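Under my numbering, the first residue of the first sequence carries the number 9, and numbering increases by one thereafter. Glycine included, every Cβ here is placed at the ideal spot set by N, Cα and C. From a predicted model like this one, the values you see are computed outputs, not experimental measurements. Note sheet for the following structure.
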Amino acid sequence: MAKELTTREENYSQWYNDLVTKADLAENSAVRGCMVIKPHGYAIWEKMQAVLDKMFKDTGHVNAYFPLFIPKSFLSKEASHVEGFAKECAVVTHYRLKSDPNGKGVIVDPEAKLEEELIVRPTSETIIWSTYKNWIQSYRDLPLLINQWANVVRWEMRTRLFLRTAEFLWQEGHTAHASKEEAIVEAEKMIEVYATFAREYLAIPVIVGRKSESERFAGALDTYCIEAMMQDGKALQAGTSHFLGQNFAKAFDVKFATKEGNLDYVWATSWGVSTRLMGALIMAHSDDHGLVLPPKMAPIQVVIVPIYKNMADLEKIDNAAFEIKKKLEKRGISVKYDNRDTQKPGWKFAEYELKGVPVRLAMGMRDLEKNEVELARRDTLQKTQVSQENIEDYIENLLVEIQQNIYDKAFKFRAENTFKVDSYEEFKKQLDEKGGFYLAHWDGTAETEALIKEETKATIRVITDDENPEPGFCMVTGKPSKQRVVFARAY
RNA sequence: CGGGGUGUAGCGCAGUUGGUAGCGUGCUACGUUCGGGACGUAGAGGCCGUGUGUUCGAGUCACAUCACCCCGACCA
C-alpha cells in the first residue's frame, strides 16, 4: 500500500490531515496558513457553489462583487465589529516595489506609502454598507438582496486545511430591509437554506438555532447557526446567518424614506458559508480507507474500471463500458471510465476508494461473458454482481440509497453521541470520556458560560428554538433555566 | 506570543567515534504480469535549510539565523 492513512482511532486529526492531502483535496502552500485547493477538492467546492447559488437565486438573491481591499477607516466605524476582527487583519501599506539597491531582489519602495492603509477584507460588511448608502434612498429600493462569492483573509495563528486557513473562499449575503421583522425573517430563512443544503446535499444532519451572546458575530444582534457533529464527537459550525439590526446602517448612515414619509435606518442581515464546509463533509462521513462522498457532492459518481489481460480483451471491455457510460450519462450521472493502461486494477480500486467515488463498476472478461458487472459501493464497501440489463436503473437507485445511507449513518452517530446531563460533575466526566453533544441547563449568563469554557473547553454551540422548551436548573449555578442548550467542544 | 520538535533525492526516512551519502516509495526503460495499491532487471535523481566558526577534513561539533510541524493562548 503506497498511500496508507492514519486510522481515525489512532489519531483523528492526523487521519484528517492525511486524508485531505492523500485524496488530493488540498495541500499547504508556500504561504504559511494558506492552502492550495487541488482539482479534486475544488471540484467538490464547485458542486457546493452550484447548488447553493441556485438556492440563493431561488430565494430572490442576486450576485455582485465588492473589492478585496477596505479602507482602514471603514473598519473602525462599527465598534464591536472592529473589536472582532482587528487582531486578524492583513494590512496593505505600500503600492510599489523597487530593485534593492544593495543587491539582488526587490524591496518595498518607502516612497510608495499609501495615504490610507487598506485592509484585506476579513468580511465585507463595511465596504458593502458604504456602497449601499448610495443605492438606498427609498423603501422602493428595498429589500436589497445581494450575495457575493469571494475570498477573505483572517490572519490565523494556527491553521488547518479547510477548517481554518488564513485565506478562504466563501459566499457572503448582505441584505437590507425596510423593517426589523423582515430582516429577521431573512436571517432565519437563510439559515434554513443552509440547513437544507447540509442535510439534503452534504448528507450532514445539523442542529439549527442561535448563538449565545458571547459566540455571536461581532456587530450582530442575533446570530443563527447550523452545528454539525464530526466523527470525533466535536462540533463544527457549518454556516451562520446574522440579524445585524441597524448597526451597520447607523455606522454608514444608510437611511431610507418610508412609505409614511419618515426617514429611518435600514435593517440588515448577512450570512455565509465557506470552504470550511469541505472540512465538515470530509470529517462527517469518511473512513479509514479514505474519503466518503455523498453522491450529490461527488464530482465523479461512478467510476468504471476494466480488468483485462491483453489489448484484445480491453477492446471488448471498452465497447461495453462506453455503452454503459452513455446510458448512465443520459440519466445525468457523472461517470469516469478509467481505461488507462498505465495503472493496474488494484491500484485504481484503492485510488478511487481514497477519493470517495460512491460507486465503482468493475468489468472483466468473466463479467462480459455473463453480461454482468461488479458493483462496489463506497459507503458500505459491499460488492455485488449485477446484470448489465437496466444497469442505469439499478445505479440510479443505488446512488439515491447511498445518499440516504450516508445521512442516516451520520444521524445515528449524532444520536448516539448526544446526551442529556443535569449534573456538572457528570457533564465534565462524560465529556472527557466520550465527547459528543450535551443537552444541559444553563442560567443564561455569560459568566457561567465562560466558567464552563474555562474548565472544560466546551462552549454553547447552539440554542435551539424549541416548541415545548423543558425548563430546569442550571447545572453549574442551580439557577432557573428556560431550556436545555447544546454544549460541546468545537472546531 | 509561550513550550516542544524537525530541516539529508519528488515524498517518507536512516546516517555510528568527524573520513567525501544511503534505504523505502515514487520516477524512466525493457520484459513478465493484470478480479484489491504486481514482480524482475537496468537507470536517472543530492549546495545534507542558510551563514560563520573549530578542524588536514563537517550531514555529523559550536554559535547564529531562517523555515516548517506539533501542543497551548486567540479564532469560523
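Based on the DSSP output, what are the partners of K106 in its beta bridges? I115
Task: Of the residues T167, E164, H185, the one placed nearest I154, counting alpha carbons only - done: H185
Output the boundary residues of the beta strand (DSSP E) element that contains A496. 492 to 496
Report yes if the C-beta distance between I341 and V310 is below 8 Å; otherwise report no.
-> yes
Problem set entry | Same chain, Cβ closer than 8 Å to E221, five either side skipped, listed in chain order | A454
Exposed or buried, what is T101 when buried is set at 16 or more other beta-carbons lying within 10 Å of its beta-carbon?
exposed
Item checked: Limits of the unbroken alpha helix (DSSP H) element including Y446 -> From DSSP, Y446 is part of no alpha helix (DSSP H) but of the beta strand (DSSP E) over 445 to 449.
DSSP has E180 in a bridge; who is on the other side?
Q156, G280
Q | P314 in three-state terms, based on DSSP | A | strand
Return the first residue and the last residue of the beta strand (DSSP E) that D508 is part of. With the chain represented from 9 up to 499, any question about residue 508 goes unanswered, as that position is not in the structure.
Cα-Cα separation between L229 and A496, rounded to whole angstroms:
23 Å
Report the CB separation of V116 from F205 in whole angstroms; it is logged as a contact under 8 Å.
With a Cβ gap of about 43 Å, V116 and F205 do not count as contacting.
How would you label N379, buried or exposed, when you count the other beta carbons within 10 angstroms and need 16 or more for buried?
exposed
Discussion item. Can you look up Q245 in the DSSP assignment and give me helix, strand or coil?
Written reply: strand
### Message
If you measure between the beta carbons of D240 and Y415, is that distance less than 8 Å?
### Response
no
Between G486, R168, K338, which lies nearest to D26 when the distance is taken from Cα to Cα? R168
| query | Between which two residues does the alpha helix (DSSP H) containing S138 stretch? | reply | 133 to 143
Euclidean distance between Cα positions of A329 and P302
24 Å
| query | Taking the alpha-carbon positions, what's the T29 to E189 distance? | reply | 46 Å
Do you know how far the Cα of L459 is from the Cα of A10?
-> In this predicted model, A10 has a pLDDT of only 48, less than 50, meaning its place in the structure is not dependable enough to derive any value.
**Report entry** Contact check, S249 vs A195, beta carbons under 8 Å
**Finding:** yes
List, from N- to C-terminal side, the alpha helix (DSSP H) runs of 4 residues or more that fit wholly inside the stretch 381 to 432.
399 to 424
**Message:** On the criterion of 16 or more Cβ atoms from any shown chain inside 10 Å, does L105 qualify as buried, or is it exposed?
**Reply:** exposed
Check: According to DSSP, which residues form a beta bridge with N71?
Finding: N155
When you compare only the Cα positions, how much space is there between L383 and R339? 18 Å
| message | Here's the rule: buried if 16 or more other CB atoms are within 10 angstroms of the residue's CB, otherwise exposed. What is Q411? | response | buried
Quick check: what's the CA-CA separation for I315 versus M291?
32 Å
>> Give the list of continuous alpha helix (DSSP H) stretches no shorter than 4 residues that lie fully inside the stretch 43 to 69.
In response: 47 to 66
Exercise for review: Put M9 into one of helix, strand or coil per three-state DSSP.
Suggested key: In this prediction, M9 scores a pLDDT of 38, lower than 50, which makes its location untrustworthy; no coordinate-derived value is stated.
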